[in-house]
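Top to bottom, those sequences are chains Y and X. Counting along the first sequence from 1, when you hit position 346 you're at 363 in the numbering used here, and nothing is skipped either side. Counting along the second sequence from 1, when you hit position 90 you're at 101 in the numbering used here, and nothing is skipped either side. Structure first, then comments.
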Amino acid sequence: MNNTWKLLIALSSAGLATGQVTYERLLRAENEPQNWMTYSGSYKGWRYSALDQVDRSNAGKLKVAWVYQMPITERIETTPLVVDGIMYLSEPPSNVVALDAATGRPFWRYRRSLPAKINVCCGQVNRGVAVSGDHVFVGTVDAHLVALHAKTGAVLWDVEVADRKSGYSLTGAPLIVKDMVISGVAGGEYGIRGFLDAYDIKTGKRRWRFWTIPEPGQPGSQTWSGDAWKHGGGPTWVTGSFDPAQNLIIWGTGNPSPDWNGDVRPGDNLYTDSAIALDADTGKLKWHYQFVPHDVHDWDAVQVPVLVDGEWQGKPRKMVYWAHRSGFFYALDRTSGEFLLGKPFATQTWAEGIDAKGRPIRKPGIDPSPEGTYVWPGVQGATNWYSPSYNPLTGFFYLTAWENKGLYRKGDAEYIAGNRYIGSVPEIDLTDEPGWGAIRALNPKTGERIWEHKMHTKPWSGVLTTAGKLVFGSTGGWISRERTAMESYFFALDAETGRELWRINLGGTMASNPMTYSVNGKQMIVMPAGSGVFAFELP
Amino acid sequence: MRPIVAGLLLTALALGQTQPVKNPHTTAADAAAGARIFRSHCADCHGLTGKGGKGPDLTTGVFFHGGSDAELHRTITDGIEGTAMPGQFFSADQVWQIVTHVRALSRGGTAKAPPGDPVRGTALFNAKGCNGCHLIRGNGGVQGPDLSFIGSQRPATQLRQSILDPSETVDRTYWTAEVTLENGEAYKGFVMNEDTYYVQILHPSRGLLSLPKRNFRKFEVSKASLMPSYKDKLNDAELNDIVAYLWTLQRPRRAE
């Protein structure tokens, strides 16, 4: 063999060694901060990076490295993944593109053809892909799960997860656990019966399904009456986390259906608005915690579970931190689901507090009514699906919060397959009191606020923290009544004090989460805005 | 064979385009369902009876963004860009029911002119100085709302009320910012936009300005109208004439 051949073989096997995302690499994602291999950056759901090239001393110098423009009209909600210099990201509605992470130039693009009628409540969006081995996985708005070849974008398999005609769609990023791809579903405004699925990475064959709404006779079914469970909602549209030590998938579930009229579904409506912990191999429920029993405000628990090990009141404990849409910050025990703490992180008028067992003490007069009932927070919550972040260097929990009230109306709700099953429509952006937003840092052991960075409007994007002791976040609310202009600043804050260090106006809808990676020795910070994906670097 | 097939297809497509879309939900039950939705989601702006208020009168039978079933369906579903009319969060079937109710509201309705002489009204409008603040099709000032198509946007009763009591309902676009900077400079103008760092205003003499909040000493937003009440400045006949004139300021109808 001549030297050229030896070199070629060496190069290609090096490519194999670094180009394949294995389960072992995902387990130790923290050890390779140059990559961002899952939706939240690691199984713990921290959206934290150990990269520290960009820090508080130089963040003010960040500049645009490249912009990737998507040929789309829908809103971008994706978090890109980066594996060994290649960026994989979804484009709305259900397309996937592979880019050179150094230049933003595309290698390949998968474009899904879709049927004319798609049942999505809030835009034909997608929040990201999952990568394992040579496979890239994407959920589609016509409720399929598709495996693509990472080097070509060719379809390897394509399975129907559920019937799109009855209101199911897939908008969340899947999560790889062992040799399975875990995927949730959306459709809480269409009266679906929610579930979480596991599929074999190689074949697309389903391994297990956990129904978030139990059928009669199953545990939890006593919290429903009549046939309401058949269209009870409980979607699973935001990526959960994984605790390998306990073999537990921890995932959030969404609202019961119909959203704003609970008359047809008396009872607590398990397992809607809950944290669920499932055995990763069987999909069996190990524990659950319901944030809002019998929700009538559409307060999904579709937040990323943040898994932290540490001391709790002097004893070592495994915790889940959870800032819920209803305005309360929670700490739960991760082995049992036991309630540890529940404290408001934003203005709320619906609960006196949370009792010792973790059940909210509801105030009277908060239910939606035909003429409308004002409640804080509004229907989009005090936070929503966009990601929080945990930084181990400060020990703080960071989140995007809204200060807002909503007018909740109650109307008829009749189930017709494929139609919205919601029971009236609340008012979100009140003319006289549109509300405002903030990035907040909390002490997760007490729920106390450490600092806040106020914004004029209500943002629609999450936060990233880094070992450079930075928090990246953005504003993204409407700044004009005619909904023609948005506040679109992307900024860096000091993670210890909240002081603003840098900002740029990107001038478009910002409705996803920042992420970071490193290529050719340079740390890059990424945030989508409008129809573009912006990558920033130091000069 | 191919050209013939293509020809047939084209004919079919052309036929498809000329075929008007009919509302499939027009029963009494549909109208009642549409009425319930209208009460909770449309009446705030269009009034309980559809006679208008913050939003246009829907009882005249004239719809400026298209009066066919399909056009009404589209307008209700998507909203109207650049206006306060939002898109609605309903199923296609429910929107058809709203269309049925809107049709019922406007049944027999005609675009009847209010009493008064529009020609005298035009003269009064200028004589009383209204044109100093209001722009009509390019003529006038920018210290008040553009009235070029106000006859399409507000019912006559609302126009009358706004002249008598301008501050009763003030669109957010005409809220006024009063700003004093650290150096003592003072500004007063309409709030065009506000974000975390800037307030953008329309200043009556200096035009479009972005004022950085970090330099603010005082910042207040008034929701009251800058327009004085004309209650004691116009007699009843004059008021009728001006309303009659404003009512003639209709948006040109789209070709159907």
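Ideal placement from N, C-alpha and C gives every residue a C-beta, glycine not left out.
Could you name the residues that DSSP lists as bridge partners for residue i?
i                : result
ASP68 (chain X)  : DSSP, once it has assigned bridges, lists no residue as partnering ASP68 (chain X).
HIS470 (chain Y) : Y:ILE456
PRO476 (chain Y) : Partner(s): none; PRO476 (chain Y) has no beta bridge.
ASN150 (chain X) : X:ILE147
ASP350 (chain Y) : Y:MET336
GLN86 (chain Y)  : Y:GLY549
GLY370 (chain Y) : Y:ILE378
ILE212 (chain X) : X:VAL202 and X:LEU220
PRO123 (chain Y) : Y:LEU116
GLU465 (chain Y) : Y:ASN460
TRP228 (chain Y) : Y:PHE212
GLY250 (chain Y) : Y:ARG210 and Y:PRO273
Interface residues of chain Y around residue i at Cβ under 7 Å?
i               : result
ARG47 (chain X) : GLY428 and ASP429
HIS52 (chain X) : VAL442
Note down, in chain order, every chain Y residue with its Cβ under 8 Å from the Cβ of residue i.
i                : result
THR207 (chain X) : LYS471, MET472, HIS473, THR474, THR492, GLU504 and TYR506
Look at the alpha carbon of residue i and the alpha carbon of residue j, and state the distance between them as a whole number of angstroms.
i                : j                : result
VAL113 (chain Y) : ALA430 (chain Y) : 36 Å
LYS134 (chain Y) : ASP159 (chain Y) : 9 Å
SER548 (chain Y) : GLU369 (chain Y) : 42 Å
GLN154 (chain X) : VAL202 (chain X) : 12 Å
ILE218 (chain Y) : ASP180 (chain Y) : 21 Å
PRO263 (chain X) : SER163 (chain X) : 9 Å
GLY359 (chain Y) : TYR347 (chain Y) : 4 Å
SER236 (chain X) : PRO215 (chain X) : 14 Å
ASP101 (chain Y) : GLN51 (chain Y)  : 8 Å
VAL550 (chain Y) : VAL194 (chain Y) : 28 Å
ARG122 (chain Y) : PRO109 (chain Y) : 18 Å
ARG85 (chain X)  : HIS76 (chain X)  : 9 Å
PRO88 (chain Y)  : GLU94 (chain Y)  : 15 Å
LEU165 (chain Y) : MET104 (chain Y) : 14 Å
TYR306 (chain Y) : SER74 (chain Y)  : 42 Å
GLN172 (chain X) : ILE48 (chain X)  : 27 Å
LEU416 (chain Y) : ASN460 (chain Y) : 12 Å
LEU162 (chain Y) : SER66 (chain Y)  : 29 Å
LEU175 (chain X) : ASP243 (chain X) : 9 Å
MET541 (chain Y) : THR55 (chain Y)  : 17 Å
CYS56 (chain X)  : GLY464 (chain Y) : 42 Å
LEU28 (chain Y)  : TRP225 (chain Y) : Because the pLDDT at LEU28 (chain Y) is just 42, under 50, the model does not fix this residue reliably, and the value given afterwards should be weighed accordingly. Near 39 Å, if we compare the C-alpha coordinates of TRP225 (chain Y) and LEU28 (chain Y).
VAL232 (chain X) : ASP449 (chain Y) : 12 Å
VAL113 (chain X) : ASP298 (chain Y) : 55 Å
Is the closest heavy atom of the ligand ADP to the C-beta of residue i under 7 Å?
i                : result
PHE230 (chain X) : As far as ligands go, the structure on display features none, and thus does not contain the ligand ADP.
For the beta strand (DSSP E) holding residue i, just list the boundary residues, first then last.
i                : result
ASP157 (chain X) : Taken as a continuous stretch (DSSP letters only), ASP157 (chain X) belongs to no beta strand (DSSP E), as it is neither H nor E.
ALA484 (chain Y) : Note, ALA484 (chain Y): premise wrong, no beta strand (DSSP E); not H, not E.
LEU555 (chain Y) : Neither: LEU555 (chain Y) is in no beta strand (DSSP E) and is coded neither H nor E.
LEU213 (chain Y) : 212 to 217
SER406 (chain Y) : 406 to 408
Ends of the alpha helix (DSSP H) at residue i?
i                : result
SER5 (chain X)   : Any answer about residue 5 (chain X) is impossible in this case: the structure gives chain X only from 12 up to 267.
PHE356 (chain Y) : Element bounds for PHE356 (chain Y): not the alpha helix (DSSP H) but the beta strand (DSSP E), 356 to 361.
GLU193 (chain X) : Taken as a continuous stretch (DSSP letters only), GLU193 (chain X) belongs to no alpha helix (DSSP H), as it is neither H nor E.
VAL130 (chain X) : 129 to 138
SER491 (chain Y) : From DSSP, SER491 (chain Y) is part of no alpha helix (DSSP H) but of the beta strand (DSSP E) over 487 to 491.
TYR256 (chain X) : 247 to 258
GLU231 (chain X) : Premise fails: GLU231 (chain X) lies in the beta strand (DSSP E), 227 to 233, not in any alpha helix (DSSP H).
THR390 (chain Y) : Segment 390 to 392 is the beta strand (DSSP E) holding THR390 (chain Y); no alpha helix (DSSP H) there.
THR32 (chain X)  : The sequence shown places Val at residue 32 (chain X), not Thr. VAL32 (chain X) -> no alpha helix (DSSP H), and no H or E assigned at all.
THR38 (chain X)  : Careful: THR38 (chain X) lies outside any alpha helix (DSSP H) and carries neither H nor E.
HIS84 (chain X)  : 80 to 89
GLN108 (chain X) : 103 to 117
SER59 (chain Y)  : No alpha helix (DSSP H) contains SER59 (chain Y), which DSSP labels as neither H nor E.
SER343 (chain Y) : Run containing SER343 (chain Y): none; DSSP gives neither H nor E here.
Give the residues of chain Y in contact with residue i, contact being defined as C-beta atoms less than 9 Å apart.
i                : result
ASP128 (chain X) : Within chain Y, no residue comes near ASP128 (chain X); the closest Cβ sits about 35 Å away, beyond 9 Å.
ASN204 (chain X) : ILE496, SER497, ALA502 and GLU504
Could you work out which residues of chain X lie near residue i, taking near to mean beta carbons separated by less than 8 Å?
i                : result
ARG437 (chain Y) : PHE100, PHE101, SER102 and GLN105
THR448 (chain Y) : ARG183
3-residue-minimum beta strand (DSSP E) runs that sit fully inside the segment 507 to 544 of chain Y, ordered along the chain: 517 to 522 and 532 to 536
3 or more residues per run - each beta strand (DSSP E) lying fully within the segment 132 to 199 of chain Y: 147 to 149, 152 to 156, 161 to 166, 172 to 177 and 192 to 194
Every unbroken beta strand (DSSP E) inside the segment 254 to 336 of chain Y [3 residues or more]: 258 to 260, 265 to 269, 291 to 296, 302 to 307 and 323 to 329
In chain order, each beta strand (DSSP E) run of at least 3 residues that lies wholly inside the segment 412 to 450 of chain Y: 413 to 420 and 423 to 425
4 or more residues per run - each alpha helix (DSSP H) lying fully within the segment 66 to 115 of chain Y: none
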